[in-house]
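Note that this note's numbering gives residue 215 to position 202 of the sequence shown, counting from 1, and the numbers run on in steps of one.
Note that beta-carbon positions come from the ideal geometry of N, C-alpha and C, so glycine has one too.
Below is one structure, written out as structure tokens; the observations come after it.
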Amino acid sequence: MRHVVEVGDQIRFAGGVFTLAGLDGPRCRIVGEDGSVQVLLLTQLYADEDFCVVADCAEPRRAPVWGPLAGLEAGVREKALAWERHIREVETGHPEPGGRGAPREEFAPELRSLAEREAAKAAELTEQGQPVSVATVRRMRTRYRRQGVWGLVDGRTTRARSPWGRADERVVNAIRTALEAQRERSTGTLSRLRRQVGWLLEDAYGPGTVEVPPVATFNRLVHAVADGQGLLDPAVQQRWRTSRPEPPFTPTVAARPGELVMMDSTPLDVLAVLEDGRTGRLELTMAMDVATRSITAAVLRPRGTKAVDAAVLLAQTVVPEPLRPAWAEALAMASSVIPYERLLSIDARMQGAAA
């Protein structure tokens, strides 16, 4: 039994088999075979007596995808969710997870076999105006068990579309090659570029093998290929883009709180009276946890942050406020700007008047 789990693993928990659909810090989301979703602490998962990673499955299931459904068209999304209800009813007798009451007779697992329930669902959908065969219902069941609700989405609506449409890939590659070759040259015209692309195609595939698109189509294709890359900019700008060094930074990813904390200083466009009586600008130095996007500590100082400010940030980050020195005194009324002494005297007079 191994205690290392990854998204997509099948695990045994509380006497059942679940798919690990997501990890969020100390929490995890698991999906049961009936489609029910649970959110648990990892410690609770590990402490279960039945917990283990099912590593010997013949065909491991893939974790269902949840977020992308929000980006689909309403009709496509509703169709996938409708199929999910149909599949659940075939497998469990209830279209919704945790359904109550007796299932319909033709879909009751105690009364009908799985093949009979599949046939009943195909007949029901056909009567409702959606011609479906038993093989289609069985195929949708398989896709649902492997990919979750995402497997029920019509694949024709999720195919990645090329930014240059149905253009021949050989023509696209030739255009890209010609654009890259003219970076160090003076800015040319699209007609000259079209002739160069024609020569490249003849050299690579032979005369007459690959035709150059018409002028209007070719011009649109060139703009689509060069979009965002500056390949149609003037030669001066292209040389400037080419001479820029590669950025030294790489994207940082933090999945757990405290894994990565960033510090930064920002000058504030305000004037304040400093300790010596002079006025000056202030600078705000903060520490931010990347995973949770929360500010863990902040220091407001005159402009010119020093190393000691970073030490103060570190101390504030690791020590909760109630445990800091003099925290109780800071909460006392003696540190407040409210005229509490006058309020107490007024309260005493009111108490005497009431008596």
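query, result
"Return helix, strand or coil for Gln141, following the three-state DSSP convention.", "coil"
"So what's Leu165 in DSSP terms, helix, strand or just coil?", "helix"
"With contact counted as at least three CB pairs below 8 Å, one residue from each stretch, are the stretch 228-238 and the stretch 272-288 in contact?", "no"
"Contact between the stretch 314-334 and the stretch 284-302 is defined here as three or more beta-carbon pairs at a separation below 8 Å; is this criterion met?", "yes"
"Within the continuous alpha helix (DSSP H) that includes Thr149, where are the two ends?", "Val147 to Gln160"
"Might you give, ordered along the chain, the residues of its own chain that have their beta carbon closer than 7 Å to the beta carbon of Arg169, omitting 5 neighbours on each side?", "none"
"Checking 8 Å against the spacing of the C-beta atoms, do Leu33 and Gly21 come in under that value?", "yes"
"Does Leu206 pass the burial test, meaning 16 or more other C-beta atoms within 10 Å, or should it be called exposed?", "buried"
"Which same chain residues end up closer than 7 Å to Trp79 when comparing Cβ atoms and leaving out the 5 residues on each side of it in sequence?", "For Trp79, the predicted structure reports a pLDDT of 48, less than 50, and the residue's modelled location is therefore unreliable. A value from the coordinates is still provided. So the list is empty, once near-sequence residues are dropped."
"Excluding five sequence neighbours on each side, which residues of the same chain lie with their C-beta closer than 6 Å to the C-beta of Gln51?", "Ile43"
"Residues in the same chain with beta-carbon distance under 7 Å from Arg189, minus the five sequence neighbours each way, listed in chain order, please.", "Val238"
"By alpha-carbon positions, which one of Arg294, Gln329 and Arg337 ends up nearest to Gly317?", "Arg294"
"Taking the alpha carbon of Arg314 as the point to measure from, which residue in Trp340, Ala285 and Lys92 has its own alpha carbon closest?", "Ala285"
"Quick check on Leu297: does DSSP put it in helix, strand or coil?", "strand"
"Where DSSP assigns a beta bridge to Val66, which residues make up the other side?", "Ile24"
"By Cβ distance below 7 Å, which residues in the same chain neighbour Ala268 in space, the five residues on each side in sequence not counted?", "Ala304"
"Where does His16 sit, in a helix, a strand or coil, going by DSSP?", "Per-residue confidence for His16 stands at a pLDDT of 49, beneath the threshold of 50, marking its modelled position as unreliable; no derived number is given."
"Taking only three categories from DSSP, how would you classify Gly201?", "coil"
"Going by DSSP in three states, Gly271 sits in which element: helix, strand or coil?", "coil"
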